[in-house]
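Chemist:
Chains as they are written, first to last, in this note's numbering: chain Y, 405 to 684; chain L, 42 to 337.
#1: Assuming residue 639 of chain Y and residue 649 of chain Y make a contact with CB atoms under 8 Å, what is their CB distance in whole Å?
#2: Residue 469 of chain Y to residue 443 of chain Y, Cα distance in whole Å?
#3: In terms of residue numbering, what span does the alpha helix (DSSP H) encompassing residue 516 of chain Y cover?
#4: Please state the DSSP three-state secondary structure of residue 522 of chain Y.
#5: For the 8 Å Cβ check, are there 3 or more pairs between the region 457–471 of chain Y and the region 514–529 of chain Y?
#6: Using a Cβ-Cβ cut-off of 7 Å, state whether residue 601 of chain Y counts as contacting chain L.
#7: Taking the alpha carbon of residue 119 of chain L as the reference point, which residue from L:334, L:304 and L:316 has its own alpha carbon closest?
#8: Given this structure, state the Cα-to-Cα distance separating residue 431 of chain Y from residue 483 of chain Y, to the nearest angstrom.
#9: Output, in chain order, the set of chain C residues within a Cβ distance shorter than 9 Å of residue 245 of chain L.
#10: With a threshold of 16 other CB atoms inside 10 Å of the CB of residue 422 of chain Y, please say whether the residue is buried or exposed.
#11: What are the partner residues of residue 432 of chain Y, as DSSP defines its beta bridges?
#12: If we define contact as Cβ-Cβ less than 7 Å, is residue 264 of chain L a contact residue for chain Y?
#13: Which one of L:217, L:195, L:255 and L:228 has the shortest CA to CA distance from residue 238 of chain L?
#14: Sort Y:503, Y:427, Y:452 and Y:498 by Cα distance to residue 690 of chain Y and report the nearest one.
#15: Could you tell me how far apart the beta carbons of residue 214 of chain L and residue 158 of chain L are, in whole angstroms, since I believe they sit closer than 8 Å?
#16: Buried or exposed: residue 78 of chain L, going by 16 or more other Cβ atoms within 10 Å of its Cβ?
#17: Can you give the beta carbon distance from residue 566 of chain Y to residue 506 of chain Y, rounded, assuming they're within the 8 Å contact cut?
#18: If I measure Cβ to Cβ from residue 428 of chain Y and keep anything under 8 Å in the same chain, skipping five residues before and after, which residues do I get?
#19: Is it a yes or a no for the region 206–221 of chain L touching the region 191–198 of chain L, going by three-plus beta-carbon pairs under 8 Å?
#20: Check whether the region 206–213 of chain L and the region 147–157 of chain L touch, using three or more Cβ-Cβ pairs below 8 Å as the test.
#21: Are any of the Cβ atoms in chain L nearer than 7 Å to that of residue 494 of chain Y?
#22: Short of 8 Å in beta carbon distance, which residues of its chain neighbour residue 265 of chain L, apart from the five on each side in sequence? Order them along the chain.
#23: If I measure Cβ to Cβ from residue 294 of chain L and keep anything under 6 Å in the same chain, skipping five residues before and after, which residues do I get?
#24: By the three-class DSSP mapping on this structure, what secondary structure does residue 211 of chain L have?
#25: Within its chain, find whatever has a CB closer than 7 Å to the CB of residue 553 of chain Y; leave out the 5 residues flanking it on each side and keep chain order.
#26: Can you look up residue 629 of chain Y in the DSSP assignment and give me helix, strand or coil?
#27: In or out: residue 394 of chain Y buried (at least 16 other Cβ within 10 Å) or exposed?
#28: Can you check which of these residues, L:244, L:145, L:298 and L:284, is closest to residue 499 of chain Y by C-alpha distance?
#29: Sort Y:593, Y:576, Y:450 and Y:439 by Cα distance to residue 632 of chain Y and report the nearest one.
#30: Run through chain L and tell me which residues come within less than 8 Å of residue 500 of chain Y, C-beta to C-beta.
#31: Do the region 586–594 of chain Y and the region 524–535 of chain Y meet, that is, are 3 or more Cβ pairs less than 8 Å apart?
#32: Kindly indicate which three-state DSSP category residue 78 of chain L falls into: helix, strand or coil?
#33: With which residues is residue 427 of chain Y paired in a DSSP beta bridge?
#34: From the DSSP output, which residues share a beta bridge with residue 422 of chain Y?
#35: Listed in chain order, which residues of the region 445–476 of chain Y have Cβ atoms closer than 7 Å to some Cβ of chain L?
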């Protein structure tokens, strides 16, 4: 099958903005008196409008990475740039969807989405239109006045996606967005996210545990390993969007990535190496 | 006791499942949700509800026992007056205007002391929660002082302030201060970090953070503290008036006791209870109003 860049797919708004560049990111947490290296020399370049999936085991620093790009945490070494501009603090140009929907329980759906627009200096009716458009985009029309507790998990997560897109960010960061949903809803929302991405065209960086999900959505899948978090492998998925889940290419790539993720690497710990007798 | 929300009609009951909104149909792309509003079997609705009868049962029983004890003269009538005598005394203090005068004195005092104490408590609690310096400076003192019963301060306060109005206001304000301060401190400390993160992601201005996020997140718990402080202020007020006052409900009872009018003392006891109950209920309604999104 020939690779068709998504920017050539009809209906996809091609973008010139939204290039994310990470260079030599180092991040550590100080846990009591021990230093815990979370990320070590992490570098990655994401093209405008590209969908990059990041998979890796728990504790490999995936979520930390997204928090750094989002600007929720500024204590790291290295540089993160968006379209050449160094990232500092949070910005409406960078959206973030968490694993939990994080809607405020006392606000209706439209108020929750409207909250994301409080820092925008645009007229009230323009705001209302943006909110309505994005509610329609995620297929929640008719639920504007619903409170989060009246929505199912999948619907609440759609609402969270609408909220993160309402400012039309250059890049949308997704931190295991469907991790807490049941399998059926997850498959449904993956298809929806693909549709939304094709319609919206912003750069997407998605963290996931689910290799199938990573391959189905990503133009590129970045495989990470833990201790310290680093990239071990990058897989280009040269398939046009929207994709067919049953594609043999996806299945072959999935087997490859799973094999790598479940492979036990040679211990780098000298003590273990000594026990195994490798040094002799 | 069953939670109240179980008695609501299905449409008003909050639940995990989404409901169809009246007059609107679901968009084709929406995830599957229940199509029909759910109807519960309405069997129980037809039967006579015993709940209101149960709740007036205990005061009624108390009244019957009281009447019986006095009718059989188990205690001398000067010591334990009969309910009928109390009803008569009620009529007496109302017609002379004595009850209204004392009650309005008490309620004015309560309003003044409570407003001062609760406002200061709110401000102090917020400052304690938001500033590390304030917490270091006043935290331990606050935690220790709130363990001391209000009544223990009365002798000292009488010496310092005399027995005038100021003394009573201070006593009530002290009683109202601590529950509100504690509730404000706890609820601000308890605001999840994720709320601040979401607010920061969307670069919400500080007044939006306060008005749309922090206030709705903390008000329910602060109101619970205010409710506790109001009823506590009322208890302390009546007690303080019993000890030193020239007017007020407690003073009316004290005068009754000195003149062996135990029927008037009983009137005071009943009025104090009913007023306390009413104040508490009023706040309960206010709390329910602040949390109405839960049952929407």
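Here a beta-carbon is modelled for each residue, glycine too, at the ideal position from N, C-alpha and C.
Modeler: From the atom records:
#1: Your pair residue 639 of chain Y and residue 649 of chain Y does not check out as a contact, with CB atoms roughly 17 Å apart and the cut at 8 Å.
#2: Cα to Cα, the separation comes out at about 8 Å.
#3: Its alpha helix (DSSP H) spans residues 513–519.
#4: For residue 522 of chain Y, the secondary structure class from DSSP, reduced to helix, strand or coil, is coil.
#5: In short, these stretches do not touch, since the Cβ pair count stays below three.
#6: Closer than 7 Å to the CB of residue 601 of chain Y there is not a single CB belonging to chain L.
#7: For residue 119 of chain L, the closest C-alpha among the options L:334, L:304 and L:316 is that of L:304.
#8: Going by the C-alpha atoms only, they are around 11 Å apart.
#9: This model lacks chain C altogether, as its protein chains are Y and L.
#10: It is buried - the Cβ of residue 422 of chain Y has at least 16 other Cβ atoms within 10 Å.
#11: BP columns for residue 432 of chain Y point to Y:441.
#12: Not closer than 7 Å to any Cβ of chain Y, the Cβ of residue 264 of chain L fails to qualify, so no.
#13: When each option's Cα is compared against that of residue 238 of chain L, the closest is L:255.
#14: Because chain Y spans 405 through 684 in this model, residue 690 of chain Y falls outside it and cannot be assessed.
#15: About 3 Å; that satisfies the 8 Å criterion.
#16: Any reading at residue 78 of chain L needs caution, since the residue's pLDDT is 39, under 50, leaving its predicted position unreliable; the model's value is listed next. Result: exposed.
#17: Not a contact, Cβ separation roughly 13 Å.
#18: Excluding residues within five positions, the ones whose Cβ falls inside 8 Å are 445, 446, 447, 481, 482 and 483.
#19: By the Cβ rule, the region 206–221 of chain L counts as touching the region 191–198 of chain L, because three or more pairs are nearer than 8 Å.
#20: As far as the Cβ criterion goes, the region 206–213 of chain L touches the region 147–157 of chain L, which means the pair count is three or higher.
#21: Answer yes: the Cβ-Cβ gap between residue 494 of chain Y and chain L drops below 7 Å somewhere.
#22: Within the same chain, and ignoring the five residues on either side of residue 265 of chain L in sequence, the residues whose Cβ sits closer than 8 Å to its Cβ are 224 and 328.
#23: Within the same chain, and ignoring the five residues on either side of residue 294 of chain L in sequence, the residues whose Cβ sits closer than 6 Å to its Cβ are 306 and 309.
#24: Of the three classes helix, strand and coil, the one that applies to residue 211 of chain L here is helix, per DSSP.
#25: Same-chain partners within the cutoff: 509.
#26: Annotated three-state conformation of residue 629 of chain Y is strand, per DSSP.
#27: The first residue shown for chain Y is 405 and the last is 684, placing residue 394 of chain Y beyond what the model contains.
#28: For residue 499 of chain Y, the closest alpha carbon among the candidates L:244, L:145, L:298 and L:284 is that of L:244.
#29: Of the listed residues, the one whose Cα sits closest to residue 632 of chain Y is Y:439.
#30: Listed along chain L are 242, each with a C-beta nearer than 8 Å to that of residue 500 of chain Y.
#31: Counting Cβ pairs under 8 Å, fewer than three are found: no touch.
#32: Low confidence applies here, because residue 78 of chain L scores a pLDDT of 39, under 50, leaving its location unreliable; read the following figure in that light. Coil, per DSSP.
#33: Bridge partners of residue 427 of chain Y: Y:483.
#34: DSSP, once it has assigned bridges, lists no residue as partnering residue 422 of chain Y.
#35: Taking 7 Å as the Cβ-Cβ cut-off, the region 445–476 of chain Y approaches chain L at 474 and 476, given in chain order.
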